[in-house]
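So the sequence shown is numbered by the working numbering: it starts at 7 and just counts up by one.
All residues carry an ideal CB built from backbone N, CA and C; glycine is no exception.
Input: a single structure, listed below in structure tokens.
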Amino acid sequence: SSGINAEWPLRPGYIDADGLIQHRLYKKPTDSRSYLRTDSFHPPHIFDSVAYSQLLRVSKRNSTDVTAKEDIHELKKDLEKSGHKMKTLDLLEEKMKNKKGEIPTVREPQPTMTVVINHFQEVDELKTLLKGLEPDIRKLIGEEVRTLVATRKGRSVGNIVCKNAQLCKSEEEP
7 SSGINAEWPL RPGYIDADGL IQHRLYKKPT DSRSYLRTDS FHPPHIFDSV
57 AYSQLLRVSK RNSTDVTAKE DIHELKKDLE KSGHKMKTLD LLEEKMKNKK
107 GEIPTVREPQ PTMTVVINHF QEVDELKTLL KGLEPDIRKL IGEEVRTLVA
157 TRKGRSVGNI VCKNAQLCKS EEEP
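Here it is as structure tokens:
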């Protein structure tokens, strides 16, 4: 897949060519992917509940149909190793799809104007002002645009650590 950070095995997400954040379920390399075994002493409904909740979790943690189907297939194989019957897993998958509609819900790309600022008390007033300017911005740009205000309340690692000194401005601590 194309994108700025498209290495799926190394990252749980990336920004695609349209500027949208794409994501998929992250699995730690040390995860044994073992689930509640069906031969354990639990009420029968618990086994279906565990499988169903895991299927739902996997479908929600993917932003594309392709990655959702891959991860659901892998999960079903792992659940089968724990004693779950594939026929039951297929029925639970259908139930999950019917509950969610289509898996996953992929939004249409929309141009976004992002304003990144330090947090201040009247930030809601700024958001309202920018929302009111969207029609004028649309006229300037020539298409629909979503306005997003991202605020930060303090210094983060991203503000401090920089790989390229030319891209960073060193700020002195107050």
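Give me whichever residues DSSP pairs with residue i in a beta bridge.
{"i": "leucine 154", "result": "Thr120"}
Given a threshold of 16 other Cβ atoms within 10 Å of its Cβ, counted over all protein chains shown, does residue i qualify as buried or as exposed?
{"i": "methionine 92", "result": "exposed"}
{"i": "glutamate 100", "result": "exposed"}
{"i": "glutamine 127", "result": "exposed"}
{"i": "alanine 23", "result": "exposed"}
{"i": "threonine 134", "result": "exposed"}
{"i": "valine 64", "result": "buried"}
{"i": "phenylalanine 53", "result": "buried"}
{"i": "isoleucine 21", "result": "exposed"}
{"i": "glycine 25", "result": "exposed"}
{"i": "lysine 105", "result": "exposed"}
{"i": "histidine 48", "result": "exposed"}
{"i": "aspartate 45", "result": "exposed"}
{"i": "lysine 82", "result": "buried"}
{"i": "leucine 146", "result": "exposed"}
{"i": "isoleucine 78", "result": "buried"}
{"i": "serine 69", "result": "buried"}
{"i": "histidine 51", "result": "exposed"}
Along the alpha helix (DSSP H) that carries residue i, what are the first and last residues, could you check?
{"i": "leucine 146", "result": "129-147"}
{"i": "phenylalanine 47", "result": "Neither: phenylalanine 47 is in no alpha helix (DSSP H) and is coded neither H nor E."}
{"i": "threonine 73", "result": "71-87"}
If residue i sits next to residue j, beta carbons under 8 Å apart, how far is it from one beta carbon to the other, in whole angstroms?
{"i": "serine 88", "j": "serine 38", "result": "11 Å between Cβ atoms; not a contact."}
{"i": "arginine 67", "j": "leucine 42", "result": "Wrong, their Cβ atoms sit about 20 Å apart, outside the cutoff."}
{"i": "valine 129", "j": "threonine 157", "result": "6 Å"}
{"i": "methionine 119", "j": "valine 72", "result": "That pair is no contact at about 29 Å."}
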